[in-house]
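K.L.:
Using my numbering, the first residue of the sequence shown is number 253, and each one after it goes up by one.
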Amino acid sequence: MAGERSAAGDVAAPAVDVSGEWSATGWAPAQHDAAARLAHAWGRAARWERWRDPVLAVWLIAALGWFALLAGGHHHHLLVAGGSAPTLAFALLVVGGAWLEMIAAMMLPTAIPMVRTFATVSARAPRPFAAMAAFLGAYVAVWMAFALAAVAAATALQAAAVGGGWRWIYVRPDWLLAAVLALAGTFQLSPLKDRCLAMCRDPMTFIFSRYRRGVRGAWALGLRHGLSCLGCCWALMLIMFGTGVGNVFAMLLLTAVMWAEKTTRWGRRLARPLGFGLLLAAAAVALFGDALWGWGIYAPLYPLCGVGVS
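#1: Per DSSP, what kind of secondary structure is D446 in: helix, strand or coil?
#2: Taking the runs of the alpha helix (DSSP H) that are 4 residues or longer, which of them lie wholly in the region 348-396?
#3: With C-beta atoms as the reference, is A534 less than 8 Å away from L444?
#4: From which residue to which residue does the alpha helix (DSSP H) around D454 run?
#5: At the level of alpha carbons, what is the spacing between P338 and R520?
#6: Compare the C-alpha of R465 against each of V347, A363, P378, M359 and name the closest.
#7: According to DSSP, is R476 part of a helix, a strand, or is it coil?
#8: So is F387 buried or exposed if we call it buried at 16+ other beta carbons inside 10 Å?
#9: Near G529, which residues of its chain fall below 7 Å by C-beta distance, leaving aside the five closest residues on each side in sequence?
#10: Applying the criterion that 16 or more other CB atoms from any shown protein chain within 10 Å of the CB defines a buried residue, is S461 buried or exposed?
#11: Using DSSP with H/G/I as helix, E/B as strand and the rest coil, what is L441?
#12: Alpha carbon to alpha carbon, how far is T457 from G389?
#13: Check whether the region 353-366 and the region 311-326 touch, using three or more Cβ-Cβ pairs below 8 Å as the test.
#14: For W518, which of helix, strand or coil comes out of DSSP?
#15: Looking only at its chain, what residues have a beta carbon closer than 6 Å to the beta carbon of D446, apart from the 5 residues adjacent to it on each side?
#16: Compute the beta-carbon to beta-carbon distance between V394 and G469, rounded to the nearest angstrom, for a pair I have assumed lies under 8 Å.
#17: Just verifying my parser: in three-state terms, what is the DSSP assignment at R468?
#18: Pick out whichever of G527, A406, A536 has its Cα sitting closest to the Cα of T438.
#19: What residues in its chain sit with their C-beta under 6 Å from that of A538, if we drop five residues either side in the sequence?
#20: Would you call the region 478-490 and the region 398-413 in contact, with 3 or more CB pairs under 8 Å?
#21: How do the region 408-415 and the region 496-507 stand: do at least 3 beta-carbon pairs fall below 8 Å, yes or no?
#22: So, M358 versus F370, is the Cβ gap smaller than 8 Å?
#23: Tell me which same chain residues have a C-beta within less than 8 Å of the C-beta of I459, skipping the five on either side of it?
#24: M451 and S480 - do their beta-carbons sit closer together than 8 Å?
Spelled out as structure tokens, the structure:
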């Protein structure tokens with residue numbers, strides 16, 4: 253018995269049953285040791301759940317997006333810019349694929365707090381993985397709609413530059429970049445930016461005030477979150493049309509800024525200084541754009557849609 257004295261007079265340690273068996277997953281306690289066996293099963297389940305964590309899946313998708321951008325972004329850029337695309341439709345397809353990679357790489361990391369909160373809330377709902385897929389799919393769909401609209405606008409600008417009276421877009425692309433920077437800087441100082449950023453920074457309030465169980469509810473919530481994120485970051489993403497889709501430095505910088513705005517404690521205080529900084533950058537590009545272009549600091553707009561200038 254536990255607590256019996258030995259021949260030397262010392263109190264013996266309690267007897268512990270360490271019987272069990274080895275399995276493919278490691279040591280498993282004996283059947284009669286229910287508490288230890290439950291803990292063993294709980295540990296295996298926890299390890300499995302970590303691999304099924306949707307946040308990990310989002311990070312993996314974002315990493316794949318960055319890999320695709322770094323491996324093929326400049327190739328896409330040169331393919332379209334060099335006029336090797338046989339049709340405008342093909343050029344738009346190339347740019348659309350590049351934008352899908354950019355959304356995965358740049359926007360999904362900024363949505364991690366919202367994804368984590370949604371995963372927690374929907375964990376016990378029916379079909380949680382289908383709900384998460386619907387939530388993320390709706391979020392990406394909002395950004396793809398923005399990308400398609402922006403590419404269509406860029407195509408119209410380039411057509412006007414080639415066949416109309418807007419050739420200055422090619423002669424002085426720095427003016428276009430300056431206009432985009434000024435627009436982004438002005439929006440950073442607006443009340444709409446502040447409201448949208450506040451929604452993105454408070455996932456608990458956002459989800460609990462709008463959550464509905466099921467796949468349809470997850471899709472609707474993903475659309476709402478996508479729209480609030482679009483309202484927060486559309487002007488910053490528009491800068492990519494001024495710098496060129498293949499500008500990896502601009503993508504890294506914008507990703508860091510948007511991630512900091514939405515996830516750090518001081519992110520909300522970053523919006524206004526960033527707005528003033530963008531306005532100063534717009535003035536610098538407008539005044540010294542030729543030199544910046546000559547030094548290769550930014551790319552002109554024409555690589556976006558594969559329209560050449562004769």
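Ideal Cβ placement from N, Cα and C applies to all residues, glycine included.
P.N.:
So, to answer that:
#1: Residue 446 sits at position 194 when you count from the first residue of the sequence shown. D446: helix per DSSP, three-state reduction.
#2: 364-373
#3: In the sequence shown, residue 534 corresponds to position 282, counting from 1. In the sequence shown, residue 444 corresponds to position 192, counting from 1. No. Outside cutoff.
#4: Start at 1 with the first residue of the sequence shown, and residue 454 comes out as number 202. Where D454 is concerned, there is no enclosing alpha helix (DSSP H), given that its DSSP letter is neither H nor E.
#5: Here the question's residue 338 lines up with position 86 in the sequence shown. Here the question's residue 520 lines up with position 268 in the sequence shown. Residue placement at P338 is poorly supported in this model, since its pLDDT is 49, which falls under 50; the coordinates still yield a value, given next. Spanning the two alpha carbons is a distance of roughly 45 Å.
#6: Translated into the one-based positions of the sequence shown, residue 465 becomes position 213. That would be P378, whose Cα lies nearest to the Cα of R465.
#7: As a first step, residue 476 must be located in the sequence shown, where it is residue number 224. Note: R476 maps to helix in three-state DSSP.
#8: On the sequence shown, residue 387 is found 135 positions in, with the first residue counted as 1. Buried, by the Cβ-count rule.
#9: Here residue 529 refers to the residue found at position 277 when the sequence shown is read from its first residue. No residues qualify anywhere along the chain.
#10: Residue numbering aside, residue 461 sits at position 209 when the sequence shown is read from its first letter. So S461 ends up on the exposed side.
#11: On the sequence shown, position 189 is the one that residue 441 refers to. The answer is coil: DSSP assigns L441 none of H, G, I, E or B.
#12: For the purposes of this step, residue 457 is identified with residue 205 of the sequence shown, where counting begins at 1. For the purposes of this step, residue 389 is identified with residue 137 of the sequence shown, where counting begins at 1. In a straight line, the C-alpha of T457 is about 21 Å away from that of G389.
#13: yes
#14: Here residue 518 corresponds to residue number 266 of the sequence shown, with the count starting at 1. DSSP places W518 in coil when its eight states are reduced to three.
#15: Taking the sequence shown and counting its residues from 1, one reaches residue 446 at position 194. Result list for D446: empty, nothing under 6 Å.
#16: Here residue 394 refers to the residue found at position 142 when the sequence shown is read from its first residue. Here residue 469 refers to the residue found at position 217 when the sequence shown is read from its first residue. Rounded, the Cβ-Cβ distance is 16 Å, inconsistent with contact.
#17: As a first step, residue 468 must be located in the sequence shown, where it is residue number 216. Note: R468 maps to helix in three-state DSSP.
#18: Looking up residue 438 in the sequence shown gives position 186. Looking at the Cα atoms, G527 is the closest of the given residues.
#19: In the sequence shown, the residue the question calls residue 538 occupies position 286. Cβ neighbours of A538 beyond the five flanking positions: A430.
#20: yes
#21: no
#22: Here residue 358 corresponds to residue number 106 of the sequence shown, with the count starting at 1. Here residue 370 corresponds to residue number 118 of the sequence shown, with the count starting at 1. Contact flag unset, no.
#23: As a position in the sequence shown, residue 459 is number 207, starting the count at 1. Contacts found: M366, T369, F370, V373, L473.
#24: As a working mapping, residue 480 is identified with position 228 in the sequence shown. As a working mapping, residue 451 is identified with position 199 in the sequence shown. Yes.
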